[in-house]
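Q: For what it's worth, our numbering labels the leading residue of the sequence shown as 2, then goes sequentially.
Virtual Cβ for every residue (Gly too), placed ideally from N, Cα, C.
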Amino acid sequence: MNKPAGRNNTIDLLRFFAACAVVFFHQQAYIEYKDNWYRNICGMLWLGVPAFFVISGYCILIAVKHTRSPNEFITRRFFRIFPAYWFSVVLILAIIAGKLLINHINDVAALPKTPLHAMAIITLFTSPVTHFKTINWVYWSLSCEVCFYIVVYLVLFLKPKYRLAAFVFITAVTLVAPPQYIPAFFLKNWPSFALGLGGHYLLHNAQGNKILVILLLLLCLGAIWHAGDINWLIVCILTCLAIIANSIRPLPDNFFSRLGDLSYSIYLIHVPICVYMLGRLKTVQIQNNVALNIAFDCITLSITIASAALIFKYIEKPAINFGKKLLLKPAPDNANNTVIDGVK
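1. Can at least three beta-carbon pairs, one atom from the stretch 209-218 and one from the stretch 193-201, be found at a separation below 8 Å?
2. Rounded to the nearest angstrom, how far is the Cβ of F74 from that of L157, given a contact under 8 Å?
3. Exposed or buried, which one is K326 when buried takes at least 16 other CB atoms within 10 Å?
4. Just the C-alpha distance for S248 and I287, rounded to the nearest angstrom, thanks.
5. Mark R78 as exposed unless 16 or more other C-beta atoms lie within 10 angstroms of its C-beta, in which case mark it buried.
6. Between the stretch 298-306 and the stretch 117-135, do three or more beta carbon pairs fall short of 8 Å?
7. Could you check what DSSP says for M278 in three-state terms: helix, strand or coil?
8. Please go through the stretch 153-237 and give each complete alpha helix (DSSP H) segment of 4 or more residues, from N-terminal end onward.
9. Identify, in the order they occur along the chain, each residue of the same chain with its Cβ nearer than 7 Å to the Cβ of L159, setting aside the five sequence neighbours on each side.
10. Just to confirm my understanding: we take V272, look at its own chain, exclude 5 residues before and 5 after, and list those with CB closer than 7 Å. What are they?
11. Where does E73 sit, in a helix, a strand or coil, going by DSSP?
12. Keeping to the same chain, check which residues put their C-beta closer than 8 Å to that of V152; ignore five residues upstream and five downstream.
13. Going by DSSP in three states, I122 sits in which element: helix, strand or coil?
14. Anyone know if the C-beta pair for V109 and K100 falls short of 8 Å?
15. In the DSSP assignment, find the unbroken alpha helix (DSSP H) run with G1 in it and report its ends.
16. Quick one: is P251 buried, meaning 16 or more other Cβ sit within 10 Å of its Cβ, or exposed?
17. Looking only at its chain, what residues have a beta carbon closer than 7 Å to the beta carbon of N9, apart from the 5 residues adjacent to it on each side?
18. State the CB to CB distance for the pair S266 and A309, rounded to an integer number of angstroms; the pair is presumed to be in contact (CB under 8 Å).
19. Using 8 Å for Cβ pairs, my map puts I244 next to T68. What's the rounded Cβ distance?
20. Assign N37 to one of three DSSP states: helix, strand, or coil.
21. Considering Cα atoms alone, identify which of F133, E33, K134 and P129 is closest to S142.
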């Protein structure tokens, strides 16, 4: 897998490791708890999620830089997220069909009982956006991601000089009015995304308002701290610092960074493969033996990565390219720099 020139190897490395961390977490989530060092470490690896959120916040401004309008931005985001997501839904439905055919029971996920529930699944408007349950443990975070894209899309209709201030205002709202008290679920995770935004502004906003950038970063840290999860805060800070450090000393190209492109597909399909399909193969003997448990998890992770490579090659990447072809002309390399710099 060749990497295009100019790629940020640190971000790709973080994406891949964050995806794998969530895989290891879910590989223990469906079996009975046993107190050992491996299971205890895996129990903390759900913290790959906040790393994803910070990375998304940083990378979204890179995506904005290569679009000419809000509509072009949201079109590209649509083809980045939904085709691979829909494939993962079809995969889950196929697993359910196979289990019904073989065992005459669906012990995978509750199927939608109404057209509205089905539409919620198709559009990612399941929990926490609505009360409709998801059919994959990770889909809740994709709903947060989509809502983040929608907020950025709306902000892009503002003049460039007002956009940073808009991000600061939204972040301030999350600190002043905690999300558990207001009907806006996405505000709970907004500061994690916004920390990535702040990191990008800090590195690529040479002519902009540094005070607003610092204020954005401080508000993000304050809001995340106010939410009460110190581990989440630490991961967000470390992720942001790693991205900033790469601008000082870029990470060389390496094998694991090249796997960063597969992170989204890994994230989408690891529960269907590792839990729904192969989970029953993890016997009590394997569960209670650390070495066997690690070996089983590494094998199923390898199967997931190999499957993700196929999904990226035949579904995810073609969908991204198709989204670009729908647009009239590719944006020039220096297009919309004002979006990032915040100046005209």
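A: Quick look at the numbers:
1. yes
2. 6 Å
3. exposed
4. 43 Å
5. buried
6. no
7. helix
8. 161-177, 191-205 and 211-228
9. A167
10. H27, N137, W138 and V139
11. helix
12. I171, F187 and W191
13. helix
14. yes
15. Given that the chain is displayed from residue 2 to residue 345, the structure contains no residue 1 and the question cannot be resolved.
16. exposed
17. N247
18. 4 Å
19. Rounded, the Cβ-Cβ distance is 21 Å, inconsistent with contact.
20. coil
21. P129
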